[in-house]
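Data first, discussion second: the structure below is written as structure tokens.
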Amino acid sequence: MVWAPEAVSGAGPRDIRETDAGPAEHVSIADVAGLTPLEALRLMRSGPRGLLESQAEERLLRCGENVLPEPAPTTWPRRIARSLRDPFTMVLLGLGLVSAAIASWGTACVTVVLVVVSSLLRSSGEYRADRSIAALRDLIATTATVRRRTGATSAPLYREIPVGELVPGDVIQLGPGDLVPADVLLLRSNGLTVHQAALTGESGPVAKHPVDAPVGPFTGPASGSELFERPQLCFQGTGVVAGTGTGVVVATGAGTMFAGAHQVSASRRRLSSFDRSVNGISWLLIRFMLLIPPAALLADAALRGRGLEALPFAVAVAVGLTPEMLPVIVTTALARGSAVLARDHGVMVRRFPALHDLGAVDVLCIDKTGTLTRDLPVLDRSLDPDGRPDPEVLRWAAVNSLWTIQLADLPCPDALDEAIMDAAERLDPGPPASDGIAALPFDPARRSSCAVVQRPGRLGVHTLVVKGAVEDVLDRCTLVRAAGPHGEMDGELDADARERLLRSAGTMAADGLRVLAVALADRPARPGPYGPRDEHDLTFVGFVGLRDALAPQAGDALAELAGRGVEVKILTGDHPGTAARVCRDLGLDLGPDLGLGAGAVVTADQLDGLDDAAVAELAARATVFARCAPEHKARVVAALRAAGHTTGFLGDGVNDLPALRAADIGMCPSDAADVTRQTADVVLTAKDLTAIDHAIAAGRRSTGNIVTYLRVVLSSNVGNVIAMLAAGLLLPFLPMLPIQVLTQNLCFDAAQLAYAFDRPGRGAMRRPSRLRPRGLLRFIAVFGPLNALADLTTFAVLVSAVPLSGQASGQAAFHAGWFVENLLTQAVAMLVLRGRRRVPVPLMVAACFLVAVGVLLPLSPLAAPLGMTALPASCYLMLAGVVVVYGAALLAAKAWFDRRHGDRM
Ligand SMILES: Nc1ncnc2c1ncn2[C@@H]1O[C@H](COP(=O)(O)OP(=O)(O)OP(=O)(O)O)[C@@H](O)[C@H]1O
Ligand SMILES: [Mg+2]
6 MVWAPEAVSG
16 AGPRDIRETD
26 AGPAEHVSIA
36 DVAGLTPLEA
46 LRLMRSGPRG
56 LLESQAEERL
66 LRCGENVLPE
76 PAPTTWPRRI
86 ARSLRDPFTM
96 VLLGLGLVSA
106 AIASWGTACV
116 TVVLVVVSSL
126 LRSSGEYRAD
136 RSIAALRDLI
146 ATTATVRRRT
156 GATSAPLYRE
166 IPVGELVPGD
176 VIQLGPGDLV
186 PADVLLLRSN
196 GLTVHQAALT
206 GESGPVAKHP
216 VDAPVGPFTG
226 PASGSELFER
236 PQLCFQGTGV
246 VAGTGTGVVV
256 ATGAGTMFAG
266 AHQVSASRRR
276 LSSFDRSVNG
286 ISWLLIRFML
296 LIPPAALLAD
306 AALRGRGLEA
316 LPFAVAVAVG
326 LTPEMLPVIV
336 TTALARGSAV
346 LARDHGVMVR
356 RFPALHDLGA
366 VDVLCIDKTG
376 TLTRDLPVLD
386 RSLDPDGRPD
396 PEVLRWAAVN
406 SLWTIQLADL
416 PCPDALDEAI
426 MDAAERLDPG
436 PPASDGIAAL
446 PFDPARRSSC
456 AVVQRPGRLG
466 VHTLVVKGAV
476 EDVLDRCTLV
486 RAAGPHGEMD
496 GELDADARER
506 LLRSAGTMAA
516 DGLRVLAVAL
526 ADRPARPGPY
536 GPRDEHDLTF
546 VGFVGLRDAL
556 APQAGDALAE
566 LAGRGVEVKI
576 LTGDHPGTAA
586 RVCRDLGLDL
596 GPDLGLGAGA
606 VVTADQLDGL
616 DDAAVAELAA
626 RATVFARCAP
636 EHKARVVAAL
646 RAAGHTTGFL
656 GDGVNDLPAL
666 RAADIGMCPS
676 DAADVTRQTA
686 DVVLTAKDLT
696 AIDHAIAAGR
706 RSTGNIVTYL
716 RVVLSSNVGN
726 VIAMLAAGLL
736 LPFLPMLPIQ
746 VLTQNLCFDA
756 AQLAYAFDRP
766 GRGAMRRPSR
776 LRPRGLLRFI
786 AVFGPLNALA
796 DLTTFAVLVS
806 AVPLSGQASG
816 QAAFHAGWFV
826 ENLLTQAVAM
836 LVLRGRRRVP
846 VPLMVAACFL
856 VAVGVLLPLS
866 PLAAPLGMTA
876 LPASCYLMLA
886 GVVVVYGAAL
896 LAAKAWFDRR
906 HGDRM
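And the structure:
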């Protein structure tokens with residue numbers, strides 16, 4: 006909400022004249038872009054110690070909650086209107102109009118009933134789906150750390166509040182992984198970098214820091230990109246990559262820059278690949294349907310000279326052909342799959358089409374820490390440059406950990422830092438000896454952290470303590486510490502010494518340890534800020550090695566995934582040796598030596614010189630990519646996708662964000678960084694590979710059910726059309742009355758809803774599943790004609806069994822016979838075409854329903870109005886024979902088809 010400072014003279018309706026004078030405008034971020042922190046605080050009627058709780062309450066009432074303007078909640082009429090926009094419904098409505106125009110009232114009524122039923126079913130399915138997605142919001146909801154006071158004299162306290170309760174003037178803290186909760190002007194910062202892609206589309210992180218000198222009023226356009234370049238401004242919806250900051254909230258809710266951008270982008274939602282393939286299949290069918298009935302009509306007119314009297318029949322056939330339950334089945338299958346997944350395995354799918362994409366995943370990229378290992382590191386050793394145990398190295402590492410945590414106000418300390426401090430505390434308990442001056446928190450791009458401290462008795466000297474990845478720290482070292490006869494001596498770090506140190510780090514890594522290098526430098530004390538460029542000419546002092554145990558279920562889950570045809574790749578920022586060892590311990594095959602110097606492992610610097618094609622080629626061959634910076638992870642994922650793989654990515658850090666965006670399916674655990682959680686398509690309760698395995702299985706199940714539905718419906722529809730065309734040419738009367746076509750269609754639709762509760766066969770669960778129009782066509786090409794053959798056989802049987810000779814009763818018997826055969830064969834096809842596995846109850850009920858209607862309808866009082874009569878017993882026997890032979894033929898054809906094309910979707 007736009008903040009109107011109190012006490013504006015000439016008060017507007019929202020002003021409350023209670024305090025001293027302030028400026029006359031509502032404040033937006035552009036208004037503070039030219040101000041110093043102090044000026045901005047004054048304008049916002051706040052202070053460095055934050056707002057009073059009472060002030061905040063009052064502002065919350067006046068400015069409203071800090072939430073994005075929601076689109077109006079979907080009402081039922083709107084929901085139903087939306088479900089009518091689907092192509093099948095449009096076609097049905099069109100056919101209804103045609104039937105009304107030719108006064109074929111029965112067809113018109115049935116068409117309307119179909120439209121109403123399918124749109125009601127679909128809307129209620131979507132309603133339930135929306136509700137379960139809304140329930141997920143709590144899981145991904147974020148909080149903000151705000152500084153407030155209870156009374157004018159009390160000390161300010163930091164506390165976590167729901168982001169919605171932030172008000173203009175609040176002083177808040179930002180840390181790595183935070184989603185910036187409002188538009189903010191920075192008061193202080195420490196190595197803060199922010200990812201602004203949500204607003205600017207720019208992929209790299211940008212540095213942000215307060216500007217203390219007045220820069221003059223901001224005169225550019227208030228929405229202009231120039232605003233995003235101002236280092237002192239952080240915008241809602243952007244994510245903190247590294248470092249920390251404190252800032253004053255300027256605009257919240259609808260008043261933020263993000264709210265403006267969000268409204269534009271929300272109206273242009275992209276279609277997912279799943280939506281596109283469903284649409285593709287729909288339009289294919291619609292074209293087919295619009296073509297067949299006119300063709301039937303023309304053939305009929307040409308051969309029998311019947312002209313327009315066959316029009317109602319043609320329209321009814323078109324209605325019968327429409328798979329109007331497809332949208333209902335799709336919604337139900339996906340919503341049900343997601344609900345079961347959430348309930349049984351704690352996996353939340355944030356948009357339903359993602360469930361289909363999960364089933365299609367054939368490459369899964371994961372990180373190492375917390376996924377393959379437990380992320381509970383324990384210090385194993387601390388060594389001097391010569392490889393001798395040396396507690397002094399641990400002490401320095403702990404100094405770095407302590408002061409980076411303390412001075413950078415990190416919200417939650419890194420597991421490595423905690424482990425180092427625990428070990429140092431056991432070594433010498435008590436308060437730290439040195440004083441912290443400044444800190445550069447860990448940055449995944451620099452792969453190191455730095456603390457600047459003042460040692461006791463070393464006045465006038467600042468000591469830089471750096472720890473981080475071995476290669477990166479050694480690159481900034483020129484000296485190496487050596488123990489001399491009279492204490493410490495520093496020798497030159499030449500190429501040989503560097504080689505030797507890299508080798509000993511490699512040995513530790515190959516033992517499965519996480520290795521950190523520690524380095525120091527003394528500098529004359531100075532007041533100014535420290536930055537990454539101060540990390541040079543360091544003295545290497547030693548290594549610390551930490552052991553992180555393997556995650557208990559990781560090995561089994563990797564084997565399961567391999568059994569499902571999912572290839573797993575590891576993208577980690579860690580040492581190649583550590584990564585390779587962990588993978589071997591878990592039984593993951595790393596593949597052959599790539600001849601690049603790191604065995605089977607690719608290190609990210611090897612990707613740097615390569616073009617996209619070469620990266621794709623390497624990505625196909627290698628399993629482990631080590632020393633990855635965030636953009637390397639994204640590059641590998643993008644290369645895999647470009648090569649045609651459906652790629653999933655699991656990660657939890659801010660450094661995983663670019664890859665999460667690049668993947669088809671981004672996954673993260675529910676305790677991941679805010680930004681990561683907001684970006685992911687799938688959120689897991691725990692970072693557990695087993696849950697992903699379940700999620701993939703659920704995706705395949707849902708897709709499998711949709712595919713089975715399409716296969717059965719389309720092959721029987723195609724069969725019927727062929728049979729009707731043939732009958733039109735062979736028989737002197739209509740093979741089926743329009744009302745019969747429609748009744749049969751209603752029965753099929755009702756029965757097929759049961760497919761949402763089916764389970765695909767084992768074979769389908771072992772391979773990635775996708776909706777493939779071509780695979781579908783292949784199936785229909787075999788089973789459609791087979792169905793038509795059964796119909797034609799029935800015609801032959803009926804023609805020989807009932808006296809037709811133009812009598813009405815003969816035709817009614819023929820119609821009844823074909824009606825019965827159609828329902829029975831459909832029941833058989835429903836059970837046989839899904840493969841040989843246990844039939845779930847809903848499907849069995851559906852098949853029995855079809856059989857019961859088929860057998861009983863011609864005997865019931867409804868027979869006469871529907872234009873049918875009871876059949877002689879001999880006819881039932883013959884029809885039973887046809888159905889049994891058809892069932893056997895289907896079984897044989899299905900077995901042949903599966904052998905030929907595999908039991909896949
Ligand atoms: N707190 C820290 N202080 C200093 N260096 C660190 C710290 N955490 C990690 N590092 C170094 O940075 C490297 C990369 O770590 P990072 O956590 O960014 O990797 P990652 O890609 O998240 O790895 P993973 O696949 O294990 O999740 C580590 O191997 C380590 O050398
Ligand atoms: Mg990580």
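Residues 6 to 910 in our numbering are what the sequence shown lists, from first letter to last.
Note that CB positions come from ideal geometry on N, CA and C, so glycine has one too.
Contacting residues, own chain, Cβ-Cβ under 6 Å from residue i (five flanking each side not counted)
i	result
Gln611	Leu601
Ala420	Asp380, Pro382
Arg528	His467
Gly931	Past the boundaries of the shown model lies residue 931; the chain is included only from 6 to 910, so the question cannot be answered.
Arg705	Gly364, Met770, Ser774
Gly604	Asp598
Residue environment, residue i, which counts as buried when at least 16 other CB atoms sit within 10 Å
i	result
Ala878	exposed
Trp2	No answer is possible for residue 2: the residues shown for the chain start at 6 and end at 910.
Tyr760	buried
Thr327	buried
Ala868	buried
Thr336	buried
Glu540	buried
Trp81	exposed
His5	This structure gives no information on residue 5, because the portion of the chain shown stretches from 6 to 910.
Leu5	Coverage of the chain is limited to positions 6 through 910, which leaves residue 5 absent and any answer about it impossible.
Asp433	exposed
Same chain only: Cβ atoms within 8 Å of residue i, ignoring 5 sequence neighbours per side
i	result
Ala685	Arg355, Leu665, Gly671, Met672, Cys673, Ala677
Arg274	Residue placement at Arg274 cannot be trusted, given a pLDDT of 43 that sits under 50; what the coordinates show is reported in the next sentence. Counting only Cβ-Cβ distances below 8 Å, and skipping sequence neighbours, we find nothing.
Arg64	Trp8, Leu56, Val172, Pro173, Gly174
Ser272	Note that Ser272 scores a pLDDT of 40, beneath 50, so its modelled location is shaky; the value from the coordinates is reported in the next line. Nothing listed; no residue qualifies.
Leu518	Asp385, Arg386, Gly550, Leu551, Arg552, Thr583
Asp414	Gln178, Gly180, Asn195, Thr249, Thr251
Leu162	Arg152, Arg153, Arg154, Thr155
Val620	Leu612, Arg640, Val641, Ala644
Cys134	According to the sequence displayed, residue 134 carries Ala and not Cys. Closer than 8 Å at Cβ, skipping near neighbours: Thr336, Leu339, Ala340, Ser343, Phe357.
Glu30	Its pLDDT being 40, under 50, Glu30 is placed unreliably by the model, and the measurement read from it follows with that caveat. So the list reads Asp36, once near-sequence residues are dropped.
Neighbourhood of residue i by C-beta, 7 Å cutoff - its chain only, sequence neighbours within 5 removed
i	result
Val787	Ala898, Phe902
Ile701	Leu363, Gly364, Val366, Arg569, Val571
Val833	Val888, Tyr891, Gly892, Leu895
Thr798	Val887
Proximity test, residue i beta-carbon vs ligand 1 heavy atom, cut-off 6 Å
i	result
Ser454	yes
Pro449	yes
Asn660	yes
Leu507	no
Thr577	yes
Asp553	no
Asp372	yes
Leu421	yes
Lys574	no
Ala444	no
Ala402	no
Gly182	no
Problem - 4 or more residues per run - each alpha helix (DSSP H) lying fully within the stretch 498–540 - result: 500–515
Problem - Three CB pairs or more closer than 8 Å across the stretch 315–333 and the stretch 297–304 - result: yes
Exercise for the section: Report the residue ranges of all beta strand (DSSP E) runs contained in full by the stretch 135–205; include only those spanning at least 3 residues, in chain order. Expected result: 148–154, 162–167, 176–179, 188–200
Handout entry: Sufficient close CB pairs (3 or more, under 8 Å) joining the stretch 387–397 to the stretch 340–353
Key = no
Practice task
Inspect the CB distances between the stretch 519–538 and the stretch 464–478 and report whether three or more fall short of 8 Å.
Solution key: yes
Problem - Cβ contact (3+ pairs, closer than 8 Å) linking the stretch 229–245 and the stretch 197–204 - result: yes
Handout entry: Complete runs of the alpha helix (DSSP H) confined to the stretch 82–142 [at least 4 residues]
Key = 92–106
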